[in-house]
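Engineer: Dropping the structure in here first, questions after.
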Amino acid sequence: MCKILLVGTGFTSAITTSLLRKMCQKHIYLVIWDKARGAGGRMSTIRNPSDSSCTADLGAQYITSSQENYRDHREIYESLIQGKQLEPLCSKIEGMKDLPLGTQQFVAPHGMNSLVKHFLQDADEIHFGHYVVSIYKCGKQWVVESKSGVKGMFDIVILTMPVPQVLDLQGSIQEIMSKDQEMKRNLQSVKFSSRYALCLFFDSNYKFNTGWDSKYIYDDKIFRYVSFENRKRNMPASPLAAVFHTSIQYGANNADRELNDVQNELVDHVKEMFPDWPEPEYTKCHWWQYSQVMTPYMGQPGCLTIAEHPLLVAGGDSFMSSHIDGCISSAFTLTNKVSQAIKAYKV
Ligand code: FAD
Numbered sequence: 003m004c005k006i007l008l009v010g011t012g013f014t015s016a017i018t019t020s021l022l023r024k025m026c027q028k029h030i031y032l033v034i035w036d037k038a039r040g041a042g043g044r045m046s047t048i049r050n051p052s053d054s055s056c057t058a059d060l061g062a063q064y065i066t067s068s069q070e071n072y073r074d075h076r077e078i079y080e081s082l083i084q085g086k087q088l089e090p091l092c093s094k095i096e097g098m099k100d101l102p103l104g105t106q107q108f109v110a111p112h113g114m115n116s117l118v119k120h121f122l123q124d125a126d127e128i129h130f131g132h133y134v135v136s137i138y139k140c141g142k143q144w145v146v147e148s149k150s151g152v153k154g155m156f157d158i159v160i161l162t163m164p165v166p167q168v169l170d171l172q173g174s175i176q177e178i179m180s181k182d183q184e185m186k187r188n189l190q191s192v193k194f195s196s197r198y199a200l201c202l203f204f205d206s207n208y209k210f211n212t213g214w215d216s217k218y219i220y221d222d223k224i225f226r227y228v229s230f231e232n233r234k235r236n237m238p239a240s241p242l243a244a245v246f247h248t249s250i251q252y253g254a255n256n257a258d259r260e261l262n263d264v265q266n267e268l269v270d271h272v273k274e275m276f277p278d279w280p281e282p283e284y285t286k287c288h289w290w291q292y293s294q295v296m297t298p299y300m301g302q303p304g305c306l307t308i309a310e311h312p313l314l315v316a317g318g319d320s321f322m323s324s325h326i327d328g329c330i331s332s333a334f335t336l337t338n339k340v341s342q343a344i345k346a347y348k349v
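Basically the numbering used here = 1-based index in the sequence shown + 2.
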């Protein structure tokens with residue numbers, strides 16, 4: 003039995019878990035650690051505390067898949083469509099750029115994190131609140147330690163967090179990078195945008211007459227995107243939440259501010275833009291320090307082998323591009339790499 007640790011419960015980790023389970027069946031024991039309190043990573047979905055039927059996506063909003071990507075990743079999409087986790091996007095998104103012929107778009111009726119949870123079922127153990135701080139080589143295994151002092155020994159470790167968070171890890175990984183300056187430079191060259199998300203949960207009785215369900219905003223100093231979550235998900239009668247994303251420029255200019263301070267500014271700005279809207283029942287502001295990849299790892303290889311023996315490998319959208327198909331492509335390359343190591347392990 004090969005014991006594998008996946009760090010992260012985002013979409014890349016979930017797909018990798020599912021592919022590894024299919025490929026290796028009972029020869030592997032899959033453990034997942036995440037620093038967060040729940041699954042999803044940047045595909046996170048929150049609930050209105052006073053109405054759990056009302057949810058909103060704080061990160062990824064919907065799926066856009068080119069004809070080619072859809073064809074290559076058909077088995078993943080079909081699994082989600084059959085499980086009723088994905089539906090065609092039917093709502094009106096104002097300001098969306100024209101898409102090439104054959105592109106398909108989907109929404110997640112139960113929230114984007116339901117896509118992640120669908121595939122995480124193939125894990126043997128999932129532990130939240132496990133913030134990985136160091137990884138040390140110990141003979142033929144890796145010793146992984148969390149901030150709270152939990153330690154585990156694993157035959158293979160798969161990292162799926164954004165690359166800047168990989169660079170923060172202590173232990174053997176720092177030694178490896180000091181010996182391989184090219185790898186270090188390539189990792190350091192991966193760049194992410196940052197932005198804030200603001201979610202407003204409203205009283206379900208209020209009728210909003212906007213003429214759009216979601217909208218890209220090109221002429222505002224703060225916001226770049228807004229969406230009515232229920233309408234986006236083809237559920238116009240459900241309780242209402244509006245999600246705003248700030249522009250990358252606003253994210254960069256306001257990176258070091260107190261979250262409460264930013265939340266107040268964003269709420270005031272919504273009032274200026276939409277003076278008729280009622281007071282929200284509940285408001286949540288979230289800082290995406292690592293939002294979307296602006297400069298991916300050179301050559302977009304899908305994954306990077308940090309050490310061969312024992313295997314330490316990193317994947318995720320940092321190694322492809324920031325959308326679902328980028329994560330799926332990365333998960334396929336991770337799975338190929340890891341399954342080769344598992345064969346060697348069995349020998
Ligand atoms: P992540 O989701 O970031 O998962 C990494 C996980 O690792 C996280 O759960 C994190 O908590 C955990 N982690 C990090 N460090 C540690 C540590 N030291 N120890 C333990 N755990 C750790 N994509 C689309 O396809 N469509 C969209 O509409 C879209 N819109 C977006 C809007 C926003 C605002 C954002 C932020 C992203 C958007 N994306 C969109 C991009 C998409 O969300 C990402 O590409 C995708 O979710 C990345 O998944 P991942 O698993 O690679 O990484």
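Glycine included, each C-beta is placed from N, C-alpha and C at the ideal position. Note that the coordinates shown come from a computational prediction; the quantities given were computed from them, not determined experimentally.
Closer than 6 Å to a non-hydrogen atom of the ligand FAD - does that hold for the CB of VAL33?
Structural biologist: Taking the first residue of the sequence shown as 1, we reach residue 33 at position 31. No, the beta carbon of VAL33 sits no closer than 6 Å to any heavy atom of the ligand FAD.
Engineer: Measuring straight from C-alpha to C-alpha, what distance separates SER293 and ARG44?
Structural biologist: The residue you call residue 293 lines up with position 291 of the sequence shown. The residue you call residue 44 lines up with position 42 of the sequence shown. So the two alpha carbons sit approximately 8 Å from each other.
Engineer: Just to confirm the assignment, what range does the alpha helix (DSSP H) spanning GLY253 have?
Structural biologist: On the sequence shown, residue 253 is found 251 positions in, with the first residue counted as 1. 250-255 is the span of the alpha helix (DSSP H), which, as asked, contains GLY253.
Engineer: Is ASP53 helix, strand or coil when you go by DSSP?
Structural biologist: Along the sequence shown, read from residue 1 onward, the residue named residue 53 stands at position 51. Residue state, collapsed to three classes: strand.
Engineer: Buried or exposed: where does CYS140 fall if 16 or more other Cβ atoms within 10 Å of its Cβ makes it buried?
Structural biologist: Here the question's residue 140 lines up with position 138 in the sequence shown. So CYS140 counts as exposed.
Engineer: For the alpha helix (DSSP H) containing LEU88, name the first residue and the last one.
Structural biologist: Taking the sequence shown and counting its residues from 1, the one referred to as residue 88 is at position 86. That residue, LEU88, is in no alpha helix (DSSP H); it is neither H nor E in DSSP.
Engineer: Pick out whichever of GLN107, MET163 and PHE108 has its Cα sitting closest to the Cα of GLY10.
Structural biologist: Within the sequence shown, the letter at position 8 stands for residue 10. Here the closest residue by C-alpha is MET163.
Engineer: So, is TYR64 buried or exposed, given that buried needs 16 or more other C-beta atoms within 10 angstroms?
Structural biologist: Reading the sequence shown from its first residue, position 62 is the one you call residue 64. Burial call: buried.
Engineer: Could you check if THR240 belongs to the surroundings of the ligand FAD, using beta carbon to heavy atom distance under 6 Å?
Structural biologist: Here the question's residue 240 lines up with position 238 in the sequence shown. Here the sequence assigns Ser to residue 240, which means Thr is not the residue at that position. Flag unset: Cβ of SER240 not near the ligand FAD.
Engineer: What are the boundary residues of the alpha helix (DSSP H) that includes LEU82?
Structural biologist: Taking the first residue of the sequence shown as position 1, residue 82 is located at position 80. Looking at the DSSP string, the run of the alpha helix (DSSP H) that includes LEU82 is 76-84.
Engineer: For the alpha helix (DSSP H) containing LYS14, list its first residue and its last residue.
Structural biologist: The residue labelled residue 14 in the question sits at position 12 within the sequence shown. The amino acid at residue 14 is misidentified as Lys; the sequence shows Thr. Looking at the DSSP string, the run of the alpha helix (DSSP H) that includes THR14 is 13-26.
Engineer: Would you decide whether TYR208 is buried or exposed? Buried here means 16 or more other CB atoms lie within 10 Å of its CB.
Structural biologist: Taking the sequence shown and counting its residues from 1, the one referred to as residue 208 is at position 206. Answer is exposed; the Cβ neighbour count stays below 16.
Engineer: Taking contact to mean 3 or more Cβ pairs, one atom from each stretch, closer than 8 Å, check whether the stretch 153-163 and the stretch 302-316 are in contact.
Structural biologist: At 8 Å Cβ cutoff, the stretches touch.
Engineer: Rank LEU306, ALA343, ILE344 and HIS311 by C-alpha distance to the C-alpha of SER332 and give the top, closest one.
Structural biologist: Counted from its first residue, the sequence shown places residue 332 at position 330. Among LEU306, ALA343, ILE344 and HIS311, the Cα nearest to that of SER332 belongs to LEU306.
Engineer: So what does GLN143 bridge to, in DSSP terms?
Structural biologist: Sequence index remark: in the sequence shown, residue 143 carries index 141 (1-based). Its beta-bridge partners are CYS140.
Engineer: Assuming TRP35 contacts SER148 (C-beta within less than 8 Å), just tell me the rounded distance between them.
Structural biologist: The sequence position of residue 35 within the sequence shown is 33, counting from 1. The sequence position of residue 148 within the sequence shown is 146, counting from 1. About 7 Å separates the two Cβ atoms, so the contact holds.
Engineer: Between the Cα of PHE225 and the Cα atoms of GLN183, LYS193, GLU274 and GLU177, which residue gives the shortest distance?
Structural biologist: For the purposes of this step, residue 225 is identified with residue 223 of the sequence shown, where counting begins at 1. Answer by Cα proximity: GLU274.
Engineer: Answer yes or no: do TYR347 and CYS4 have a C-beta to C-beta separation smaller than 7 Å?
Structural biologist: Your numbering for residue 347 matches position 345 in the sequence shown. Your numbering for residue 4 matches position 2 in the sequence shown. A contact, by the Cβ cut-off of 7 Å.
Engineer: Say whether chain B places a C-beta atom closer than 7 Å to the C-beta of ALA16.
Structural biologist: Included in the structure is just one protein chain, with no chain B present.
Engineer: So which of GLY104, LYS99 and PRO298 has the shortest CA-CA distance to LYS217?
Structural biologist: Within the sequence shown, numbered from 1, the residue matching residue 217 stands at position 215. When only C-alpha atoms are compared, the closest one is LYS99.
Engineer: Quick one: complete beta strand (DSSP E) runs, 3+ long, within the stretch 279-323?
Structural biologist: Qualifying beta strand (DSSP E) stretches, in chain order: 284-290, 295-297, 305-309 and 313-317.
Engineer: Could you pull the DSSP bridge partners for GLN172 from this structure?
Structural biologist: Taking the sequence shown and counting its residues from 1, one reaches residue 172 at position 170. SER136.
Engineer: Tell me the residue span of the beta strand (DSSP E) that contains ARG226.
Structural biologist: For the purposes of this step, residue 226 is taken as the residue at position 224 of the sequence shown. Note, ARG226: beta strand (DSSP E), 225-230.
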